[in-house]
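Notes follow once the structure below has been shown.
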Amino acid sequence: MKLRLILGDQLSLTLSSLTDLDPQNDLLLMCEVRSEATYVKHHKKKIAFVFSAMRHFAEGLSGKGLNIRYVKYDDPNNTGSLFGEVARIIAQNAISEVVLTAPGEYRLQTEMAGWSAKLDLPVTIKDDNRFLCTPTEFADWAEGRKQLRMEYFYREMRRKHSILMDQDGPRGGQWNYDSENRKPPKSGLEIPDTYHAQPDDITQEVIALVEAHFPDHFGDLLPFHFAVTRDQALEALDEFIAKRLNLFGDYQDAMIQNEPWMYHSHIGFYLNCGLLTPLECVERAEAAFHKGTAPLNAVEGFIRQILGWREYVRGIYWLKMPDYKSTNFLEATRPLPDFYWTAETQMNCMRQCITETKQNAYAHHIQRLMVLGNFALIAGLDPDEVNNWYLLVYADAYEWVELPNVTGMVLFADGGQLASKPYAASGAYINKMSNYCGSCKYKPTVKNGPTACPFNYLYWDFIGRNDGKLRGNPRMGFMYKSLDRMSDEKRQAVQDDTRRFFTAIDTDEKV
Ligand code: FAD
Ligand code: DLZ
Ligand code: SF4
Numbered sequence: 002m003k004l005r006l007i008l009g010d011q012l013s014l015t016l017s018s019l020t021d022l023d024p025q026n027d028l029l030l031m032c033e034v035r036s037e038a039t040y041v042k043h044h045k046k047k048i049a050f051v052f053s054a055m056r057h058f059a060e061g062l063s064g065k066g067l068n069i070r071y072v073k074y075d076d077p078n079n080t081g082s083l084f085g086e087v088a089r090i091i092a093q094n095a096i097s098e099v100v101l102t103a104p105g106e107y108r109l110q111t112e113m114a115g116w117s118a119k120l121d122l123p124v125t126i127k128d129d130n131r132f133l134c135t136p137t138e139f140a141d142w143a144e145g146r147k148q149l150r151m152e153y154f155y156r157e158m159r160r161k162h163s164i165l166m167d168q169d170g171p172r173g174g175q176w177n178y179d180s181e182n183r184k185p186p187k188s189g190l191e192i193p194d195t196y197h198a199q200p201d202d203i204t205q206e207v208i209a210l211v212e213a214h215f216p217d218h219f220g221d222l223l224p225f226h227f228a229v230t231r232d233q234a235l236e237a238l239d240e241f242i243a244k245r246l247n248l249f250g251d252y253q254d255a256m257i258q259n260e261p262w263m264y265h266s267h268i269g270f271y272l273n274c275g276l277l278t279p280l281e282c283v284e285r286a287e288a289a290f291h292k293g294t295a296p297l298n299a300v301e302g303f304i305r306q307i308l309g310w311r312e313y314v315r316g317i318y319w320l321k322m323p324d325y326k327s328t329n330f331l332e333a334t335r336p337l338p339d340f341y342w343t344a345e346t347q348m349n350c351m352r353q354c355i356t357e358t359k360q361n362a363y364a365h366h367i368q369r370l371m372v373l374g375n376f377a378l379i380a381g382l383d384p385d386e387v388n389n390w391y392l393l394v395y396a397d398a399y400e401w402v403e404l405p406n407v408t409g410m411v412l413f414a415d416g417g418q419l420a421s422k423p424y425a426a427s428g429a430y431i432n433k434m435s436n437y438c439g440s441c442k443y444k445p446t447v448k449n450g451p452t453a454c455p456f457n458y459l460y461w462d463f464i465g466r467n468d469g470k471l472r473g474n475p476r477m478g479f480m481y482k483s484l485d486r487m488s489d490e491k492r493q494a495v496q497d498d499t500r501r502f503f504t505a506i507d508t509d510e511k512v
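Residue numbers (my numbering): 2 to 512.
Rendered as C-alpha cells:
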C-alpha cells in the first residue's frame, strides 16, 4: 500500500502524485498541522481559506470512494507537523512507499529530502505538473544568458503553448501591450464587486477553529467570501472574464480610495493552491478575445501575468535558492515600522493599502509594488522583515512566488537579477495613478518640510544613500544626473527631512 500525501496548496485532481493511484489499495493523507499554519503567522483569512479548501477537496476525494485520512487541526492525536503525521499513519498501516508532489517551498523540500532515511521507506517526490515550465526547463533557458529578462522568457512561453499567436508572430503584431495599460483612474468608473461565495457549514466550522486557535494572527477573519471548491473558483474566474477582463488592461496600474479589487482577477489564491490551473485561465481569457468580449491589450496583459510573470518568478526561485533568501545588495537594515501591522499612519496611500490588506488578505499588484513595496525600498527596510510580512499577509502567498517579487522586484536586494532597475518612485507617481493624495495630510507636490509627501524626500535620500551601488546602472543615469545638479541646500533639506521622519518612526510618533 502506498501513502500519498497531499499538501494544502496541492488541491488538484490532476496532481502528479495521484496519476498512478491505485484506488483500491492506496491511502491518501491530508493534514492540518501547526508547523504549516505557523511557520509564519499567516493572516487569519489565509488559514481559514486553506483549511476550508483542504476539507472540501478531501470531501470530494472521499466521495469518489478513495481511501483518505484527513487530520483536523484540533484532533487530539495531531502531532503538529507533516512528518509527524506521515510517521503516525505509517506506524498504523502497512505502507510500502510514500509518494508526493514536490512542495512549493525550499524549506519543505529540504526537510522532505531527509524523510526516506528517517522513515526507512522509499519516498518518491514527483515534479509539480501544475506549472507550464519546470525548474529544469527554466534552468536550460537561463543557461548562458547574461540577463534573465521576463520579456524574452514570456515570448518563448507564448510560442511553446501557441497562445495569442498568428502563425509565427504575436497576435496584433506586438508581444506586449503594457504601454496601453497605464491609464490613471477616472471618476465614475463602475467597478464590479469581487466574487462572493456563501460560507457553508465546513467553512463556518473552520472560521470558528481559526478564531479559537490563531487569535493573535494578523488580519480580519470576517467577512469571508473566498471560493473554497474548484467549482466556485471556476465561477470566480468566469465572473472576472465576463465582468472585469475588458478593463483589466486599461486600469491595471490604477488605484482608487476604498476600491481594493479594481479590475483585477482575484484568482491568485485559487491558482496557487491548485483549485485552478494556469492554462485554463489563459485559455478562457484568449477565448474572450476571440469572441470579441475583451480587447487585446487586456487579454495580452492578463495572459502575460500568468504565462509570463508567474512562471518566470517560480523559475527564478528554484534557480537561485537557497542563496536568494539571504541577499541584501543594498544592505538595508531598518526594522519594519509598526504601521505595517496597525495601518496607523498619516500617509493615506499606506493607510489604505495596509487597511485593505488587513481586511481582505489581498492587495492588487500596484498597491503591493508601488505603495507598500516602494516605501520599503526607499526607506531601506530589512529584506527579511519585509519578506516575512508579505509571506504572511496575503492569502495567495507562498515563498516560491512571494520571495522573487519582494527580494527581486521590490527591494532590488538581489542586485538586479530580476529587475533591471529599482522600482523606486516619489509621490508624483502615486498621485498620478491614484486618488489617494486628495485625502492625505501630506502634499505630493511639496518636496520638503513637514507637509511634504515623505515619498518625495525618501526617494532622493534613497538615490543618494545608494550612490555607490546604483550609479553604474545604465537605467539610473538620468536620476544621478539630477542628483548631481541638486543644490547643497536641497540636499541638506532632503537629509534633514529624512532624519526627522526616521526619528519620528523610531520614537513611535505617528508619521
Ligand atoms: P491579477 O492582477 O488579476 O493577475 C492575474 C494573475 O497573474 C495573478 O493571480 C497571478 O497568478 C499572476 N501574477 C500577476 N503578477 C504576478 C507576479 N508579479 N508574479 C507572479 N504571478 C503574478 N503573487 C502571488 O501569487 N503570491 C504572492 O505572494 C505575491 N507577492 C507579491 C509581492 C509583491 C511585493 C509584489 C509586487 C507582487 C506579488 N505578487 C504575488 C504578484 C501579484 O501582485 C499578485 O499575483 C496579484 O496581485 C494577485 O492578485 P490577482 O489574482 O487579482 O492578480
Ligand atoms: C499554507 C498552509 C497552511 C496555512 N496550512 C497547511 C496545513 O495545515 N497543511 C498543509 O498540508 N499545508 C498547509 N499550507 C500549505 C503549505 O504551507 C504549503 O504546501 C507549503 O508552504 C509548500 O508550498
Ligand atoms: Fe501617499 Fe504622499 Fe500621496 Fe500622501 S501625499 S497619499 S503619502 S503619495
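By construction, the Cβ of each residue, glycine as well, lies at the ideal position given by its N, Cα and C atoms. Predicted, not measured: the structure shown is a model, and the values here were computed from it.
Going by DSSP, LEU101 is part of the beta strand (DSSP E) stretching over 98-102.
Beta-bridge analysis with DSSP links ILE126 to LEU101.
Secondary-structure assignment with DSSP links TYR71 through a beta bridge to MET31.
Cβ-Cβ distances below 7 Å link GLY409 to ILE317, ASP415, GLN418, LEU419, ALA420 in the same chain, with the five nearest sequence neighbours on each side left out; the list follows chain order. Taking 8 Å as the cut-off, the C-beta of TYR40 counts as close to a heavy atom of the ligand DLZ.
As DSSP reads the structure, GLU260 sits in a beta bridge with ILE257.
Straight across, the Cα-Cα distance linking GLU287 with LEU280 is about 10 Å.
DSSP, reduced to helix, strand and coil, places ALA453 within a strand of the structure shown. According to DSSP, GLY170 shares a beta bridge with ASP167. By the Cβ neighbour-count rule, GLY145 is exposed, with fewer than 16 other Cβ atoms within 10 Å of its own. Not one heavy atom of the ligand DLZ lies closer than 8 Å to the C-beta of GLN353.
Judged by beta-carbon spacing, VAL411 lies beyond the 9 Å limit of LEU459, meaning their Cβ atoms are not closer than that value. Taken from the Cβ of ALA333, every heavy atom of the ligand FAD lies 8 Å or farther away. ALA49 is positioned such that its CB atom lies closer than 9 Å to that of PHE225.
Sequence-distant partners of PRO136 (beyond 5 residues in either direction) whose C-beta falls short of 6 Å from its own C-beta, in its chain, are TRP319. Approximately 6 Å separates the beta-carbon atoms of HIS214 and TYR74; this is inside 8 Å, confirming the contact. For ARG311, the secondary structure class from DSSP, reduced to helix, strand or coil, is helix. In this structure ASP27 does not touch ASN79 by the C-beta definition: roughly 22 Å separates them, more than the 8 Å allowed. HIS43 has its Cβ nearer than 8 Å to a heavy atom of the ligand DLZ. Taking the C-beta atoms as reference points, ALA494 is found nearer than 9 Å to LYS448.
For ASN349, the shortest C-beta to heavy atom distance toward the ligand SF4 is below 8 Å. Proximity of the beta carbon of TYR74 to the ligand DLZ is indicated: a heavy atom of the ligand is located closer than 8 Å. By the Cβ rule, the segment 357-366 counts as touching the segment 248-264, because three or more pairs are nearer than 8 Å. Put simply, the backbone Cα of ASN474 is about 29 Å away from that of GLU138. Burial is judged here by how many other beta carbons sit within 10 angstroms of a residue's own beta carbon; LEU14 has fewer than 16 and is exposed. In the structure shown, the three-state DSSP call for LEU419 is coil. Looking at LYS187, HIS43, LEU308, PRO77, the one whose alpha-carbon comes closest to that of TYR155 is LEU308.
Sorting ALA295, LEU393, LEU331, ARG311 by C-alpha distance to the C-alpha of TRP342 places LEU393 at the top. For LEU382, the secondary structure class from DSSP, reduced to helix, strand or coil, is strand. Apart from the 5 residues on each side of it in sequence, ILE367 sits with its Cβ closer than 8 Å to the Cβ of GLN253, ASP254, ALA255, MET256, MET434 in its chain, given in chain order. Note: SER435 is bridge-paired with MET256 in the DSSP secondary-structure output.
A distance criterion of 8 Å places the beta-carbon of LYS448 beyond contact range of the ligand SF4, judged by its closest non-hydrogen atom. ARG5 has LEU29, VAL100 as its beta-bridge partners, per DSSP. In this structure, the C-beta of LYS482 stays at least 8 Å away from each heavy atom of the ligand SF4. Counting the other CB atoms within 10 Å of its CB gives ALA295 a total of 16 or more, which places it among the buried residues. Under the three-state reduction of DSSP, LYS42 is assigned to coil, being neither helix nor strand.
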